[in-house]
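Each residue of the sequence shown is one higher than the last, beginning at 11 in the working numbering.
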Amino acid sequence: MADKPLPVHQIWGQGSTTIFLLHGMYGAKEYWAPQAERLVALGYRVVAWDAPGYGTSPLPSNYSLNSLADDAARLIRATGTQTNVAMGQSMGGQLVFRVFARIPELIHAAVVCATIGYFGNKTPEERAQFVREREEAAKITDPSARKALVDQMLAPGAHGPDVELVRKITATTPAATTAAAVAAVQAAEESESIAAIKGVTVPALIVAGALDNVGSPPGMRRVAEMMPNAKFVAISGSGHYPWAENPTEFNEHLMPFLARAVPVEA
Numbered sequence: 011m012a013d014k015p016l017p018v019h020q021i022w023g024q025g026s027t028t029i030f031l032l033h034g035m036y037g038a039k040e041y042w043a044p045q046a047e048r049l050v051a052l053g054y055r056v057v058a059w060d061a062p063g064y065g066t067s068p069l070p071s072n073y074s075l076n077s078l079a080d081d082a083a084r085l086i087r088a089t090g091t092q093t094n095v096a097m098g099q100s101m102g103g104q105l106v107f108r109v110f111a112r113i114p115e116l117i118h119a120a121v122v123c124a125t126i127g128y129f130g131n132k133t134p135e136e137r138a139q140f141v142r143e144r145e146e147a148a149k150i151t152d153p154s155a156r157k158a159l160v161d162q163m164l165a166p167g168a169h170g171p172d173v174e175l176v177r178k179i180t181a182t183t184p185a186a187t188t189a190a191a192v193a194a195v196q197a198a199e200e201s202e203s204i205a206a207i208k209g210v211t212v213p214a215l216i217v218a219g220a221l222d223n224v225g226s227p228p229g230m231r232r233v234a235e236m237m238p239n240a241k242f243v244a245i246s247g248s249g250h251y252p253w254a255e256n257p258t259e260f261n262e263h264l265m266p267f268l269a270r271a272v273p274v275e276a
């Protein structure tokens with residue numbers, strides 16, 4: 011619909027190169043704030059959204075990875091600049107591939123972090139565990155209990171202000187949204203997912219947390235190998251939120267990649 015409002019989003023900085031940050035199944039735009047500030051310090055403009063159903067965004071009745079990708083593409087069309095990068099974590103990483111398929115002319119580089127890529131990239135046992143854990147999470151409304159679930163996706167001993175922010179924001183994810191997101195990931199057409207991954211032709215950085223039990227390094231390496239112009243890296247000592255758990259090492263890979271793929275104009 012032409013009059014459909016844009017997804018809720020936050021903008022940091024100015025400039026002709028914009029990094030679009032797409033959060034995961036547990037999250038919201040605020041958990042990107044420290045990373046957004048690092049990018050702005052280097053001259054990038056940053057836009058982070060609340061996917062439908064997250065933050066202050068209402069949960070739509072029809073919910074799928076394709077509907078989310080449609081909304082993200084609409085946001086990029088409306089708020090993008092001369093050069094744009096799509097960067098997503100977990101479910102947001104799955105959306106990056108679909109967004110590129112919709113607006114390839116507007117995306118000049120991609121960063122995909124801690125994602126399964128496509129549901130069939132896990133063994134049947136891993137898929138069953140993935141669904142079981144998240145269906146249980148959808149029944150939990152107590153924030154402290156939800157924090158405990160997110161802690162299981164962090165590396166042992168993960169700490170620091172960025173990690174505490176992730177814990178705080180992910181704990182606020184509505185239970186109904188978790189249920190809708192799990193169903194969307196399960197229902198995604200695998201052949202479509204794989205075609206979208208293979209179709210990303212721009213420079214891409216595929217980042218795994220070395221200790222991530224969700225977007226595992228072997229699974230993410232397989233995703234990178236399906237792409238024509240991708241580099242795979244694993245961030246030591248990190249689980250599912252590597253930019254927060256080990257920001258120094260994460261950015262030692264991210265910032266040079268961006269400088270090569272989408273250099274900021276002097």
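Yeah, the Cβ is synthetic: ideal placement off N, Cα and C, and Gly gets one too.
Just so we're clear, the structure is a prediction, and the values are computed from it rather than from any experiment.
Extent of the continuous beta strand (DSSP E) to which residue i belongs
| i | result |
| --- | --- |
| Ile207 | Here Ile207 belongs to no beta strand (DSSP E); instead the alpha helix (DSSP H) covers Glu200 to Lys208. |
| Gly219 | Ala214 to Gly219 |
| Lys241 | Ala240 to Ile245 |
| Val121 | Ala119 to Cys123 |
| Asn94 | Thr93 to Gln99 |
| Val56 | Arg55 to Trp59 |
| Leu32 | Thr27 to Leu32 |
| Ile21 | His19 to Trp22 |
Same chain, Cβ closer than 6 Å to residue i, neighbours up to 5 away in sequence not counted
| i | result |
| --- | --- |
| Val106 | Ala96, Gly98, Ala120 and Val122 |
| Lys241 | Leu215 |
| Phe267 | Leu215 |
| Gln45 | Trp253 |
| Ala168 | Glu255 |
| Asp222 | Ala124, Gly249 and His250 |
| Ser100 | Gly34, Met35, Ala124 and Thr125 |
| Ser226 | none |
Same chain, Cβ closer than 8 Å to residue i, neighbours up to 5 away in sequence not counted
| i | result |
| --- | --- |
| Leu85 | Leu16, Pro17, His19, Phe30, Val57 and Trp59 |
| Ile277 | In the structure as shown, the chain starts at 11 and stops at 276, and residue 277 therefore has no counterpart that could be examined. |
| His263 | Leu215, Val217, Val243 and Ile245 |
| Arg270 | Pro213 |
| Ile21 | Arg55, Val56, Val57 and Thr89 |
| Glu47 | Trp22 |
| Val173 | Leu164, Tyr251, Ala254 and Glu255 |
C-beta contact flag for residue i and residue j at 7 Å
| i | j | result |
| --- | --- | --- |
| Val250 | Ala124 | The sequence shown places His at residue 250, rather than the Val named in the question. Yes, the Cβ-Cβ distance between His250 and Ala124 is below 7 Å. |
| Asn261 | Ile245 | no |
| Ile126 | Ala38 | no |
| Ala194 | Tyr41 | no |
| Val210 | Phe110 | yes |
| Thr28 | Asn94 | yes |
| Val176 | Ala254 | yes |
| Ala220 | Leu69 | no |
| Ser67 | Ala165 | no |
| Met163 | Val224 | yes |
Same chain, Cβ closer than 7 Å to residue i, neighbours up to 5 away in sequence not counted
| i | result |
| --- | --- |
| Val212 | Ile117, His118, Ala119, Ala120 and Asn239 |
| Val272 | Thr27, Thr93, Val95, His118 and Ala119 |
Range covered by the alpha helix (DSSP H) that runs through residue i
| i | result |
| --- | --- |
| Thr258 | Pro257 to Ala271 |
| Gln45 | Ala43 to Ala51 |
| Leu75 | Leu75 to Thr89 |
| Lys178 | Pro171 to Thr180 |
| Glu235 | Pro227 to Glu235 |
| Ala279 | The first residue shown for the chain is 11 and the last is 276, placing residue 279 beyond what the model contains. |
Cβ-Cβ separation, residue j to residue i (assumed contact under 8 Å), whole Å
| i | j | result |
| --- | --- | --- |
| Ala158 | Arg112 | 37 Å between Cβ atoms; not a contact. |
| Ala82 | Leu32 | 6 Å |
| Ala190 | Gly63 | 6 Å |
| Gly23 | Val274 | Not really, about 11 Å apart at Cβ, beyond 8 Å. |
Do three or more CB pairs link the region 101-118 to the region 46-55 at distances below 8 Å? No contact exists between the region 101-118 and the region 46-55.
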